[in-house]
Amino acid sequence: MKLPIFIADAFTARAFRGNPAAVCLLENELEEDMHQKIAREMNLSETAFIRKLHPTDNFAQSSCFGLRWFTPASEVPLCGHATLASAAVLFYKIKNVNSTLTFVTLSGELRARQAEDGIVLDLPLYPVYPQDFHEVEDLIKVTAPWPVLQNLCGEWAVKWVCPNPSFLENLKVNTENLLQVENTGKVKGLILTLKGEPGGQSRSFDFYSRYFAPWVGVAEDPVTGSAHAVLSSYWSQQLGKKEMHGRTLVFLLICTIPLKM
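According to full-length UniProt numbering, the residues represented by the sequence shown are 1 to 261, in order.
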């Protein structure tokens with residue numbers, strides 16, 4: 001069996017930057033356990049599998065496909081950067097003729113459309129709500145050596161605020177400790193975030209973040225579109241804005257998030 005597999009660096013225009021994802025095009029049905037075996041062998045934060053929804057579909061002509069994402073350890077319900085990588089492979093390598101692609105996923109239908117300066121994704125907006133501090137107290141203690149200002153919980157992440165960007169950027173997180181103190185299965189990912197600093201000589205950002213997901217086999221994901229589906233909801237409420245710029249502190253990335261609320 002031969003399967004075409006591409007590796008695409010998402011959120012960047014330069015090689016070996018951004019967040020790499022593997023993209024596998026499935027001409028036919030794949031045995032269920034093979035998805036995980038391939039993702040484990042690719043050993044990237046996510047491997048995306050694009051499948052035809054109908055036998056007559058064509059990767060170059062059709063506009064709607066099935067899409068699944070696997071980390072080296074498990075399937076995940078949403079992955080932004082692997083969705084972007086999937087669209088890029090179809091648009092730029094396969095030369096798909098459509099201006100907009102629809103992906104049928106565990107998180108509903110996601111759309112990717114070609115724009116003058118790249119690809120625009122429509123991702124779901126995840127609501128946030130208060131989290132009982134005592135349920136995540138041990139997790140906070142091993143991660144954040146500063147007083148907690150606020151902690152909330154999205155559908156799959158706990159997050160809180162820290163002092164400043166340089167502190168967050170240089171913070172060393174032992175992900176093995178995270179696994180030891182949080183083994184209830186409630187937490188699948190951990191976002192550290194803080195408010196941006198408008199103004200100054202360089203371009204301002206509305207918020208900064210880092211993302212850790214050892215519970216699904218990813219120690220730290222450098223640029224995470226699905227995390228921004230949570231962050232955009234939270235910071236929109238905090239800042240009263242519907243369009244924001246966020247920066248991950250692992251790579252120099254600008255992510256523009258137009259919100260439809």
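Beta carbons: idealized from backbone N, C-alpha and C, even for Gly. Fair warning: this is a prediction, and the values are worked out from it, not measured in the lab.
Which residue marks the beginning of the beta strand (DSSP E) containing residue i, and which one marks its end?
i, result
"Trp69", "64-70"
"Ala15", "No beta strand (DSSP E) holds Ala15; DSSP gives it neither H nor E."
"Val104", "100-105"
"Met244", "243-248"
"Leu178", "Counting along the chain, Leu178 falls outside any beta strand (DSSP E), though it belongs to the alpha helix (DSSP H) covering 175-181."
"Thr193", "189-195"
"Val120", "118-122"
"Phe212", "207-213"
"Val218", "218-221"
"Gly108", "108-115"
Distance, Cα to Cα, residue i vs residue j?
i, j, result
"Gly200", "Pro214", "Since pLDDT at Gly200 reaches only 48, below the 50 mark, its modelled position is unreliable, and the value read off the structure follows with that caveat. Rounded to whole angstroms, Gly200 to Pro214 spans 35 Å at the Cα level."
"Lys195", "Asp206", "6 Å"
"Ile191", "Trp235", "13 Å"
"Asp9", "His81", "9 Å"
"Ala143", "Val173", "The sequence given here has Thr at residue 143, not Ala. Near 6 Å, if we compare the C-alpha coordinates of Val173 and Thr143."
"Tyr129", "Leu84", "28 Å"
"Ser233", "Ala219", "24 Å"
"Phe65", "Arg51", "6 Å"
"Ser63", "Leu101", "5 Å"
"Cys79", "Thr224", "7 Å"
"Leu3", "Glu116", "31 Å"
"Val187", "Asn170", "24 Å"
"Ala21", "Thr47", "6 Å"
"Gln197", "Ser204", "Here the sequence assigns Glu to residue 197, which means Gln is not the residue at that position. Distance between the alpha carbons of Glu197 and Ser204: 6 Å."
"Leu249", "Asn19", "13 Å"
"Phe70", "His245", "27 Å"
Going by C-alpha to C-alpha distance, which of the options sits closest to residue i?
i, options, result
"Pro127", "His228, Leu3, Phe11", "His228"
"Arg111", "Asp117, Asp122, Thr105, Phe11", "Asp122"
"Thr184", "Ser226, Val136, Val218, Glu220", "Val136"
"Lys95", "Lys241, Phe59, Lys242", "Phe59"
"Ser226", "Gly189, Lys93, Ala13", "Gly189"
"Met1", "Phe103, Ala13, Leu30", "Leu30"
"Leu53", "Glu46, Thr47, Arg68, Arg40", "Arg68"
"Thr12", "Ile119, Phe103, Asp57, Leu3", "Ile119"
"Glu32", "Phe49, Pro20, Leu125", "Phe49"
"Leu178", "Leu139, Val216, Thr193", "Leu139"
Tell me whether the beta-carbon of residue i lies closer than 9 Å to the beta-carbon of residue j.
i, j, result
"Tyr211", "Arg247", "no"
"Ile38", "Val23", "no"
"Phe91", "Gln114", "yes"
"Glu75", "Leu106", "yes"
"Met42", "Pro72", "yes"
"Lys141", "Val181", "yes"
"Pro222", "Ser45", "yes"
"Asn28", "Gln61", "no"
Could you pull the start and end residues of the alpha helix (DSSP H) that residue i belongs to?
i, result
"Ala227", "225-239"
"Phe167", "165-170"
"Phe133", "133-143"
Looking at residue i and the ligand SAM, is the gap between the Cβ and the nearest heavy atom below 8 Å?
i, result
"Gly66", "Of the ligands one can find in the structure shown there are none, so the ligand SAM has no counterpart to examine."
> What residue ranges within the stretch 17-95 form continuous alpha helix (DSSP H) runs of no fewer than 4 residues, ordered along the chain?
Replying inline: Listed in chain order, the alpha helix (DSSP H) elements of length 4 or more contained wholly in the stretch 17-95 are 32-42, 80-88.
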